[in-house]
Amino acid sequence: MKPPVPHRRWVLAAATALALAVGGLAIGVTDAAEAAPVGAGSYTTTPVGPLPSGCGAMSSNPRQFATANAPTGPIPTNDWWSSLLWKRTDCSFSEPLHAHPISYDTFGDGLGFSANSTPAISGTATGVGEFHYPYVQDIRVGVAGLAAPLVKVDGWTDWTVSPHWSDGTRTMRATIGHGLPFGYFQTTGGNAQITTAGTPDVWSNSGATIGFRVNGHDYVGFAPSGASWTVASGRISSTLAGRGYFSVALLPPTSSTTERAELAATYGRYAHAHVTGTQVSYAYNPATSGLTTTYAFTTTAREGTATQTVVSLYPHQWKSLSGSTAITPTYPSARGRMKVLTGVNQFRTAMKFQGILPELPAVGDGGGADLSTLTGHLAATRANPMDQRGNDTYWTGKGLGRAARIAEIADQVNDITTRDSALNAIRSTLTDWFTASSGKTSRVFYYDNNWGTLIGYPASYGSDQELNDHHFHYGYYIAAAATLAKFDPTWAATSRYGGMVDLLIRDANNYRRDDTRFPYLRDFDIYAGHDWASGHGSFGSGNNQESSSEGMNFASALIQWGQTTGDTAVRDAGVFLYTTQAAAIQEYWFDVSDQNFPSAFGHSTVGMVWGDGGAYATWFSAEPEMIQGINLLPVTGGHLYLGNNPAYVRTNYAELVRNNGGQPTVWQDILWQFQALGDGDAALANLRANPGYTPEEGESRAHTFHWIRNLAALGTVDTTVTGNHPLSAVFSRNGARTYVASNPTATPITVTFSNGTALTVGAGKTASTGAYTWSGGNAAGGVPPTTPTDPPPTTTPPPTPGNPTRYLLPGGGLGAAGSAATTTVAAANGNHDGTPTNAQVFTATGLNLAYAGGQTAFDLFVDAGTAVGNGVQVRISYDLTGNGSWERVETLRYFATDPVPGYEHYTQNAGLSSATGTLGTLSNGTVRVEVWSAIGNNPSTVGIGNQSVLRLPYS
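Count the sequence shown with UniProt numbering and you get residues 1 to 955, in order.
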């Protein structure tokens with residue numbers, strides 16, 4: 001068996017590590033941190049680790065290569081043009097900038113153009129292989145005599161950038177962008193000059209317009225009216241009639257001289273309407289599950305009255321174009337054919353959002369054996385639901401993601417103990433990371449005002465010094481927070497920890513233009529339709545992204561968080577990111593229509609997309625399982641897009657088997673779960689035949705079995721029907737559909753699907769039509785229920801904010817007595833007397849009570865079974881005003897349990913071990929109970945729901 005390899009993208013690969021270290025500056029760890037509060041949470045504003053670095057003083061002055069005209073506020077990163085502003089390897093100019101249909105490069109004497117249409121293919125069709133359309137210069141556009149020592153950035157908009165040259169005598173400002181066949185120029189101090197690679201073939205030179213061919217590519221120069229062009233010694237120049245502006249356009253390839261002339265004339269009508277701004281807007285309509293996206297262009301007429309322009313569209317755009325018609329011929333590009341729109345100042349796309357789920361419903365049949373298998377797997381995760389492999393932001397995120405999957409599944413099959421163990425692990429981990437304090441330098445977030453970014457420490461894979469992968473790392477945190485919010489809405493309130501979740505969202509992809517703390521949509525390339533992973537993009541092939549599926553994990557997390565907390569702005573931003581990127585992934589990572597990859601490439605998928613191409617490769621492994629698997633994980637209900645084309649799933653999996661020389665031997669669980677989206681029966685057979693497989697580092701046997709077993713029952717994703725709720729999906733098996741919807745709120749809802757099917761979903765439940773056996777008709781629904789599927793009301797009245805008696809409840813609440821349940825306190829495996837470690841946490845908020853004197857009383861039902869040497873401990877904390885500070889903290893002596901099965905009573909009679917502060921009136925206050933193992937090598941059980949009780953010394 002091939003050894004499992006802990007995965008991530010090694011951005012400082014061996015070939016580039018030395019070059020990327022040039023100009024690096026590491027900031028030493030400080031001893032103290034200043035905390036900035038966000039509700040009950042906080043972040044630090046004092047550096048606690050390495051900061052972004054690059055040429056010169058980038059760490060403290062990331063705007064050193066921006067001009068005074070550049071937009072104020074935080075600088076954008078993770079873009080196709082980032083190496084121009086964030087200089088890291090070339091401290092004067094940039095790496096090639098792959099805008100499509102043109103690639104550019106910057107030099108002291110001007111801007112280079114490349115229209116390379118010949119792919120460079122390396123590797124093999126069964127092993128590691130790459131295709132690139134590398135920068136091959138056709139022309140260089142500048143000013144005669146220009147010798148700028150460096151190039152700065154004079155401006156940027158949603159998908160354009162404006163580099164600026166100055167040598168003290170001559171200046172040039174250009175504007176270039178995605179989809180623009182024009183480069184626009186403003187110059188001073190000399191003649192406009194176009195230097196060609198070899199002797200140009202001038203096919204038209206009339207007045208202010210010149211058309212010429214270089215390296216088989218046709219360009220047209222447009223000078224102001226009254227000007228002319230001269231050609232001498234491979235240089236084309238113009239005085240511009242002293243007016244200081246011009247444009248250069250690349251024409252689509254054509255073999256017809258007549259068509260070429262017509263295109264030149266058409267482009268000429270818009271040549272002096274310089275594009276000076278671009279902006280995206282989007283609208284999600286839940287009723288139709290429709291997403292409409294508008295790509296708008298602002299132009300400035302340097303002369304004439306034209307206000308429109310010419311643009312070219314990527315395949316994911318022109319295949320969803322609405323209200324316009326693209327023309328031919330087309331441009332070749334690293335993303336496939338780009339179609340042209342002429343005479344426009346905007347265009348729109350219309351896409352269907354197919355819906356997501358927090359998790360697949362538990363509908364699998366197979367009798368009690370399969371349910372027993374699942375519950376056994378769940379029980380095995382109970383003591384360590386996160387199974388965390390590292391302490392940094394990425395591996396903490398992976399652990400949070402694992403626990404969230406376990407919590408969702410356990411809830412569906414009514415395994416409340418495992419569910420609560422997972423939720424408590426999520427709650428305690430997130431609360432820890434979301435709390436900064438003096439001297440805390442680990443498991444903390446730091447906000448850097450210079451860069452406008454939130455960095456988690458310990459960082460990993462360049463998330464600090466290169467601002468890599470923030471959407472990958474933080475997507476796990478947000479997704480886990482969304483799961484927790486469903487069960488503990490108080491924790492997720494903005495006044496508690498919801499504000500910290502929102503900061504993570506805004507750092508990676510700020511959805512508000514009026515928020516000046518972070519750049520707008522940092523990681524998302526708006527026009528290209530997908531994320532970029534590298535903060536600086538300082539590579540000859542441009543920027544790159546490996547794990548598109550982890551980018552989708554971020555997008556789906558926004559949808560779930562927004563829907564659960566009622567924040568429609570976050571939800572809609574998630575729908576925009578998710579729907580757009582799902583289309584881009586189908587085109588540029590999977591090429592499902594077999595139209596975009598070069599025919600000689602030989603692969604049906606890539607592990608990485610580069611600015612100038614793609615690679616059947618990863619940063620960390622050459623194994624086919626990992627090359628293909630990195631774009632499949634994590635497997636969640638937010639990744640149903642992977643099954644939108646079941647035939648392609650089978651094609652992709654077949655390539656894996658071919659390239660691997662047989663079935664997968666590592667990451668089998670990830671790959672079988674993907675296979676199940678195209679052939680559930682085959683995936684289930686593979687799983688059953690290989691019970692001894694090694695789980696991927698962020699997976700659990702429980703989730704893998706649940707996913708594959710239930711997909712075998714559900715069939716494949718049915719994209720012909722959509723729901724009017726974002727958390728809904730449809731599956732089809734042998735012509736029979738199953739409709740599924742999830743409701744994270746406290747009120748029953750009815751979801752209506754586009755074919756008229758209606759499904760009632762109880763509060764906090766997932767419902768589905770069709771047969772079911774695992775859920776008992778409660779957690780997963782079943783046939784469309786006629787009444788809400790909430791649990792029956794208890795006879796105990798709900799607590800009021802003034803009730804001083806509080807029961808420890810499933811999900812971490814403190815309230816009125818509920819149904820009997822249990823929770824597991826993890827083994828100490830060491831001495832944690834006085835220090836909460838892996839604690840189960842229970843919280844009540846919004847309390848208004850008058851202090852009656854005396855001390856806190858409690859009665860905890862605890863049982864260590866037959867374990868010898870266990871001791872359970874409790875700490876009770878009071879935040880009198882709900883402002884996040886604990887005015888009174890009481891730690892009790894631990895209670896040594898006996899080795900006899902059955903509950904014992906741990907009460908306040910154990911006595912105080914320590915106490916700080918004083919009690920007083922609770923005004924919108926918070927009380928927290930933490931229960932953990934102080935000693936012992938075995939877990940203990942605590943009876944909750946209607947058993948363990950807290951009696952506050954209040955009237």
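Don't be surprised by glycine CBs; every beta carbon is placed ideally from N, CA and C.
For His-905, does the count of other Cβ atoms within 10 angstroms reach 16, so buried, or fall short, so exposed?
-> exposed
Keeping to the same chain, check which residues put their C-beta closer than 6 Å to that of Thr-160; ignore five residues upstream and five downstream.
-> Thr-175, Gly-177 and Thr-278
For Gly-371, which of Asp-415, Val-931, Val-153 and Arg-405 has the nearest alpha-carbon?
-> The residue you asked about is not Gly; residue 371 is Leu in the sequence shown. Leu-371 has its Cα closest to that of Asp-415, out of Asp-415, Val-931, Val-153 and Arg-405.
Would DSSP call His-816 helix, strand or coil?
-> The sequence shown places Ala at residue 816, not His. Looking at Ala-816 - three-state DSSP - the assignment turns out to be coil, as it is neither helix nor strand.
Cα-Cα separation, Ile-327 to Lys-339 | 6 Å
With DSSP run on the structure shown, which of helix, strand or coil describes Met-338?
-> strand
Are Gly-936 and Gly-865 touching if we call contact CB-CB under 8 Å?
-> no
With DSSP as the reference, label Trp-203 as helix, strand or coil.
-> strand
So, using beta-carbon positions, are Gly-637 and Leu-357 closer together than 8 Å?
-> yes
Below 8 Å on the Cβ atoms is my guess for Thr-309 versus Tyr-245; work out the distance and round it to an integer in Å.
-> That pair is no contact at about 15 Å.
Are three or more beta carbon pairs between the region 703 to 710 and the region 443 to 461 nearer than 8 Å?
-> no
From the DSSP output, in three-state form, read off residue 985 for me.
-> This structure gives no information on residue 985, because the portion of the chain shown stretches from 1 to 955.
Which residues in the same chain have their Cβ closer than 8 Å to the Cβ of His-603, if we skip the five residues on either side of it in sequence?
-> Ala-125, Gly-129, Phe-597, Tyr-616 and Glu-655
According to DSSP, residues forming a beta bridge with Thr-805 | Arg-951
Nearest CA to the CA of Ala-720: which residue from Thr-45, Ser-289 and Tyr-903?
-> The displayed chain sequence assigns Thr, not Ala, to residue 720. Closest option to Thr-720, Cα to Cα, is Ser-289.
Nearest neighbour of Ala-208, chosen from Phe-185, Ser-247 and Ser-233 [CA to CA] | Ser-247
The beta strand (DSSP E) with Arg-173 in it runs from where to where?
-> 171 to 177
Would you say the region 506 to 519 touches the region 821 to 839, given that touching needs at least three Cβ pairs under 8 Å?
-> no
Expressed to the nearest angstrom, what Euclidean distance is found between the alpha-carbon atoms of Thr-474 and Ala-306?
-> For the record, residue 474 in the displayed sequence is Tyr; it is not Thr. Roughly 45 Å between the two C-alpha positions.
Excluding sequence positions up to five away, which residues of its chain have a Cβ less than 8 Å from the Cβ of Ala-934?
-> Ala-828, Asn-831, His-832, Asp-833, Gly-834, Gly-871, Val-872, Gln-873 and Tyr-894
Measure how close the beta-carbons of Gly-529 and His-316 come, nearest whole angstrom, since I'm counting them as under 8 Å.
-> 5 Å
Hey, Leu-711 and Leu-360: beta-carbon distance below 8 Å or not?
-> yes
Taking Leu-341 as the reference, give the member of Ser-255, Pro-181 and Gln-465 with the closest Cα.
-> Pro-181
If you count every other CB in all the chains shown that lies within 10 Å of the CB of Val-635, and 16 or more means buried, which is it?
-> buried
Please specify which runs of the beta strand (DSSP E), each continuous and at least 3 residues long, are wholly inside the region 42 to 102, giving them in chain order.
-> none
Inside the region 448 to 497 only - alpha helix (DSSP H) runs reaching at least 4 residues | 470 to 487 and 489 to 492
Identity of the residue in Gly-762, Asp-387 and Pro-52 nearest Thr-747 by Cα = Gly-762
Of all the options Gly-355, Ser-333 and Ala-493, which has the alpha carbon lying nearest to the alpha carbon of Phe-131?
-> Ser-333
Does the beta-carbon distance from Ser-322 to Arg-348 come in below 8 Å?
-> yes
Locate the beta strand (DSSP E) running through Trp-886, then write down its first and last residues.
-> Taken as a continuous stretch (DSSP letters only), Trp-886 belongs to no beta strand (DSSP E), as it is neither H nor E.
Compute the beta-carbon to beta-carbon distance between Val-413 and Thr-738, rounded to the nearest angstrom, for a pair I have assumed lies under 8 Å.
-> About 18 Å separates the two Cβ atoms, so there is no contact after all.
Boundaries (first-last residue) of the alpha helix (DSSP H) holding Pro-646 = 646 to 660
Candidates Val-570, Gly-401, Leu-430 and Ala-600: closest to Glu-696 by CA position | Gly-401
Start and end residues, beta strand (DSSP E) containing Gln-673 | Run containing Gln-673: none in the beta strand (DSSP E); it sits in the alpha helix (DSSP H), 668 to 676.
Own chain, CB closer than 6 Å to Ser-204, minus 5 neighbours either side, in chain order = Gly-211
Terminal residues of the continuous beta strand (DSSP E) containing Val-900?
-> Where Val-900 is concerned, there is no enclosing beta strand (DSSP E), given that its DSSP letter is neither H nor E.
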